[in-house]
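Everything below concerns the one structure shown next.
There are 2 protein chains.
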Amino acid sequence: MTAEKLNATFFYLLEKSIKSYRQMAQRNISDEFGSITVDQLLVLQTMRDQPELTQQQIAVAVFKDFASITRIIDLLVRKGFLKRSDHPTDRRRFELTITPEGEDMLVQVRPRILKNRRIALEGIEEEELAVARKVLARIVENCSQ
Amino acid sequence: MTAEKLNATFFYLLEKSIKSYRQMAQRNISDEFGSITVDQLLVLQTMRDQPELTQQQIAVAVFKDFASITRIIDLLVRKGFLKRSDHPTDRRRFELTITPEGEDMLVQVRPRILKNRRIALEGIEEEELAVARKVLARIVENCSQ
DNA sequence: ATCATAATATTGATATATCAAATAATGATT
DNA sequence: AATCATTATTTGATATATCAATATTATGAT
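Here the protein sequences line up with chains A and B, keeping their order.
In terms of our numbering, the first sequence opens at residue 1 and continues consecutively.
In terms of our numbering, the second sequence opens at residue 146 and continues consecutively.
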């Protein structure tokens, strides 16, 4: 194969692998936990682990758009996993706290997430994964100039 | 780092690299060619290279949903890159032909696409890329059961 | 020839991505 | 204190992803 075709194949595989993984993960989560998305869980988990972050910092942390974060938080509030109240010092912001239901969901879902990752990575050597990590990190670097 | 954290990092990088690449590529395409998306170009290119495919086969080829293909094709028709007419033998389908403007766009945009890929992969060894391809292919396999 | 089923595509609803514009509050400057 | 730039978030518009439902046509079995 020419270098050009190899490159094309690489990006095709990159798209396809992340989509395959997302589909598998979402299917398993939906089966077990009903109507919550992987993205919503990711945001919820980030808020639990780093409760001091602003919405914008959350967006950066999970590599999402500010607008998407606003909407995901709306859904988490509607679903009863987050509570929104006035921020004590900055009235542009809200104080977002995880409800007991939210905490509980995160605890319940954790083994499933780990299992999804194991399923996806089965049969891949640690060294291969390390190389792949390096390649992906370099792509991020190259594309962020 | 624990294996668990290394796995988490891997999926984080997977998400981040594909998003970084898409953003960089779309930015460059938009700058040079205005209002057309990378996804629309991908579908258009697939239709040119394999004109015999049904919409469903296109969806499989580009790893997209049937519904998304319908909508992307709508946009391509609206933008004058595709023409939609009755299918000669199967009246459930449409005959989609690329307009001269569509052909032209594909020709014009090709060097930019190749350049985007080169930018993203700069500094990565051929052997590393091969390992990464293998890893991604295995993930696709693992997640498609 | 008819009828059930399969194939093809569309549409609707909801979630997320992206960009731009709008709101609102804060902080800095004068 | 009034003004102004900046910060934090929301909203609107458009594109895409996904699932379910629908419409239409084609095909195969009887």
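Ideal placement from N, C-alpha and C gives every residue a C-beta, glycine not left out.
Bear in mind the structure is a predicted one, so any value in this text is a computation, not a measurement.
Just so you know, the alpha carbons of E160/B and P233/B end up roughly 43 Å apart. Residue-level contact check: V188/B does not touch chain A, since none of the beta carbons of chain A fall below 8 Å from its beta carbon. Cα atoms of I69/A and G80/A: separation of roughly 16 Å, rounded to the nearest angstrom.
Following the DSSP letters along the chain, one finds K279/B inside the alpha helix (DSSP H) bounded by residues 271-288. Assigned with DSSP and collapsed to three states, S85/A falls in strand.
For the 8 Å CB-CB criterion, R278/B and T9/A form a contact. Cβ atoms of Y166/B and A265/B come within 8 Å of each other, at about 5 Å. For the pair L251/B and Q190/B, the CB atoms are nearer than the 8 Å cut-off. Taking each of T244/B, N261/B, L227/B in turn and checking the Cα distance to D176/B, the smallest one comes out for N261/B. Close CB contacts of M192/B within its chain, under the 8 Å cut and outside five residues either way in sequence, are with L198, I203, L227, L241, I243 (chain order). The DSSP-derived three-state label of I181/B is coil. DSSP places E95/A inside the beta strand (DSSP E), whose first and last residues are 94-98.
For the pair Q50/A and F66/A, the CB atoms are not nearer than the 8 Å cut-off. Taking a Cβ-Cβ threshold of 8 Å, the residues of chain B close to Q23/A are C288, in chain order. Taken atom to atom, the span from the alpha-carbon of L136/A to that of A170/B is near 16 Å. Residue-level contact by beta carbon holds for S165/B and chain A, with a gap shorter than 8 Å. For L198/B, there is no enclosing alpha helix (DSSP H), as DSSP marks it with neither H nor E. By the neighbour-count criterion, in which 16 or more other beta carbons inside 10 Å mark a residue as buried, V43/A falls on the buried side.
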